[in-house]
């Protein structure tokens with residue numbers, strides 16, 4: 317097992333490097349980099365000043381447009397969309413500020429050298445370190461991911477077991493109908509329905525629609541703080557649970573049905589063992605192998621990828637919204653820093669999933685498995 321873990325850890329390095337290379341090439345090929353974003357902001361400020369102050373600002377802008385440019389400035393004007401009319405020295409300064417005065421391959425290897433020591437630099441547009449920005453947004457994503465995953469497992473596993481034991485009964489039929497409806501409704505659409513019904517959209521205003529806690533949270537007692545926290549999380553967590561809840565329930569049921577019909581269950585029952593002892597002493601461990609081993613990947617999936625629309629709908633400023641804004645603004649330190657962290661965590665959790673298989677069922681041996 318130690319040899320297998322060592323091989324997986326060694327394999328992690330080229331995998332992480334390959335993912336970063338591919339994404340770097342794709343992002344560099346996309347139009348509208350950080351220099352273009354800053355040029356657009358400068359031009360927008362100039363237009364606003366022109367509209368506000370009339371001819372004086374317009375004269376300055378026109379003067380800049382008519383100023384003679386060097387060959388470098390002309391190249392910059394053609395290299396960046398919207399750069400025509402700006403001071404060539406300003407374009408050069410922007411390139412130096414964002415690191416675009418170096419070739420792409422040099423920028424990539426400098427970035428990776430810093431990432432090895434977990435130095436992710438500073439956001440282009442937030443004037444804040446990448447790690448500090450992630451830590452600032454982390455409470456929202458941790459809250460959503462952790463409670464959604466735990467509640468999904470705590471509800472889905474008992475329900476799936478109950479459906480397997482009562483397979484074909486009226487209970488199994490109507491719960492299956494509920495599960496199918498839940499699986500068919502996208503999480504963001506269900507979130508909108510919850511807002512309309514319970515967050516002051518059209519009917520009831522029972523739940524808040526903004527933030528993780530109330531503005532007066534610090535003034536509350538600890539029981540009051542906990543209730544306020546739960547009050548704010550109820551609707552977004554419920555919306556996130558819908559899809560995962562349905563899929564995990566059916567997975568649990570099918571796993572149990574497959575185990576219940578095996579010969580060792582018949583043998584155990586013929587020896588006089590009670591149904592609960594057979595079910596939870598023999599069947600449960602084998603049936604839960606695929607379900608429990610998938611917990612790390614399920615958590616990372618909800619934690620990092622499934623919350624963007626939910627955060628937008630419920631006005632929660634978390635990692636999903638951070639990643640979206642970074643992509644829109646071409647904030648490369650945030651984009652690549654979060655990609656590096658998420659990929660590294662995902663690869664480690666993939667290894668933890670394999671080790672969880674062994675913990676649940678010691679008969680599984682990865683030592684002879686090829687990576």
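Residue numbers (the numbering used here): 317 to 687.
By construction, the Cβ of each residue, glycine as well, lies at the ideal position given by its N, Cα and C atoms.
Helix, strand or coil at residue i according to DSSP, with G and I counted as helix
{"i": "residue 529", "result": "coil"}
{"i": "residue 438", "result": "strand"}
{"i": "residue 696", "result": "It is not possible to answer for residue 696, since the shown part of the chain is limited to 317 through 687."}
{"i": "residue 346", "result": "coil"}
{"i": "residue 427", "result": "helix"}
{"i": "residue 522", "result": "coil"}
{"i": "residue 569", "result": "helix"}
{"i": "residue 631", "result": "coil"}
{"i": "residue 379", "result": "Residue confidence is low: residue 379 scores 35 on pLDDT, short of 50, so the model does not pin down where it sits. No coordinate-derived value is stated."}
{"i": "residue 578", "result": "coil"}
{"i": "residue 384", "result": "Low confidence applies to residue 384: its pLDDT is 36, below 50, so where it sits in the model is not reliable, and the reading given next is rough at best. DSSP places residue 384 in coil when its eight states are reduced to three."}
{"i": "residue 604", "result": "coil"}
{"i": "residue 563", "result": "helix"}
{"i": "residue 673", "result": "helix"}
{"i": "residue 404", "result": "helix"}
Member of the options whose CA lies at the smallest distance from the CA of residue i
{"i": "residue 576", "options": "410, 623, 469 and 482", "result": "482"}
{"i": "residue 604", "options": "626, 574 and 415", "result": "574"}
{"i": "residue 413", "options": "439, 434 and 428", "result": "439"}
{"i": "residue 432", "options": "408, 652, 669 and 455", "result": "652"}
{"i": "residue 634", "options": "452, 525, 568 and 578", "result": "452"}
{"i": "residue 579", "options": "561, 599, 665 and 569", "result": "599"}
{"i": "residue 455", "options": "638, 672, 661 and 659", "result": "638"}
{"i": "residue 339", "options": "669, 659 and 671", "result": "659"}
{"i": "residue 549", "options": "424, 355 and 530", "result": "530"}
{"i": "residue 503", "options": "521, 520, 449 and 562", "result": "562"}
{"i": "residue 354", "options": "410, 327 and 343", "result": "410"}
Integer Cβ distance of residue i from residue j, believed to fall under 8 Å
{"i": "residue 585", "j": "residue 594", "result": "6 Å"}
{"i": "residue 650", "j": "residue 446", "result": "6 Å"}
{"i": "residue 694", "j": "residue 552", "result": "Since the displayed the chain opens at 317 and closes at 687, residue 694 lies outside it and no answer follows."}
{"i": "residue 406", "j": "residue 528", "result": "About 40 Å; that fails the 8 Å criterion."}
{"i": "residue 630", "j": "residue 525", "result": "6 Å"}
{"i": "residue 667", "j": "residue 324", "result": "5 Å"}
Quiz item: Would you call the stretch 537-557 and the stretch 459-478 in contact, with 3 or more CB pairs under 8 Å?
Solution: Cβ pair count under 8 Å is three or more, so yes.
Quiz item: Three or more C-beta pairs closer than 8 Å, one from the stretch 534-547 and one from the stretch 474-490: is that the case here?
Solution: The way I'd put it, the stretch 534-547 doesn't touch the stretch 474-490; fewer than three beta-carbon pairs between them come closer than 8 Å.
Self-check item: Complete beta strand (DSSP E) runs within the stretch 468-520 (minimum length 3 residues, chain order)
Solution: Annotation: the stretch 468-520 contains no complete segment of the beta strand (DSSP E) (minimum length 3 residues).
Quiz item: With contact counted as at least three CB pairs below 8 Å, one residue from each stretch, are the stretch 342-350 and the stretch 632-648 in contact?
Solution: Taking 8 Å as the limit for Cβ pairs, the verdict is that the stretch 632-648 does touch the stretch 342-350.
Quiz item: Counting pairs of beta carbons, one from the stretch 485-495 and one from the stretch 416-423, are three or more of them closer than 8 Å?
Solution: The stretch 485-495 is not in contact with the stretch 416-423.
Practice problem: Decide if the stretch 566-573 is in contact with the stretch 505-512; the criterion is three or more beta carbon pairs, one per stretch, under 8 Å apart. | Solution: Contact between the stretch 566-573 and the stretch 505-512 is absent, because fewer than three Cβ pairs lie under 8 Å.
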